[in-house]
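So the structure is just underneath, and the comments pick up after that.
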Amino acid sequence: MPEPSSIALLAIAAVGLASRRRGMRQDRLRQEDRSRW
Numbered sequence: 012m013p014e015p016s017s018i019a020l021l022a023i024a025a026v027g028l029a030s031r032r033r034g035m036r037q038d039r040l041r042q043e044d045r046s047r048w
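By the numbering used here, the letter at position 26 of the sequence shown is numbered 37, and the numbering carries on one by one without gaps.
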């Protein structure tokens, strides 16, 4: 089994990627709103 620290790092990395992806999506929506006005 992998070490607990490596599992924690993987979890943090996964959460970071998910939040970054969500942030990109929000930025894209914001840009679309800006172009609409």
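Cβ atoms here follow ideal geometry from the backbone N, Cα and C, with glycine treated the same way.
Query raised in the report: Tell me which same chain residues have a C-beta within less than 6 angstroms of the C-beta of residue 21, skipping the five on either side of it?
Result: Translated into positions along the sequence shown, residue 21 becomes position 10. Result list for residue 21: empty, nothing under 6 angstroms.
**Report entry** Length of the line joining the Cα atoms of residue 19 and residue 26
**Finding:** Within the sequence shown, residue 19 is the residue found at index 8, counting from 1. Within the sequence shown, residue 26 is the residue found at index 15, counting from 1. Going from the Cα of residue 19 to the Cα of residue 26 covers about 11 angstroms.
Query - Where residue 14 sits in the DSSP three-state scheme - result: Walking along the sequence shown from the start, residue 14 turns up at place 3. Three-state result, residue 14: coil.
Report task. Work out the CA separation of residue 39 and residue 45 for me, nearest whole Å. Result -> Counting from 1 along the sequence shown, the entry for residue 45 is found at position 34. Counting from 1 along the sequence shown, the entry for residue 39 is found at position 28. In a straight line, the C-alpha of residue 45 is about 10 angstroms away from that of residue 39.
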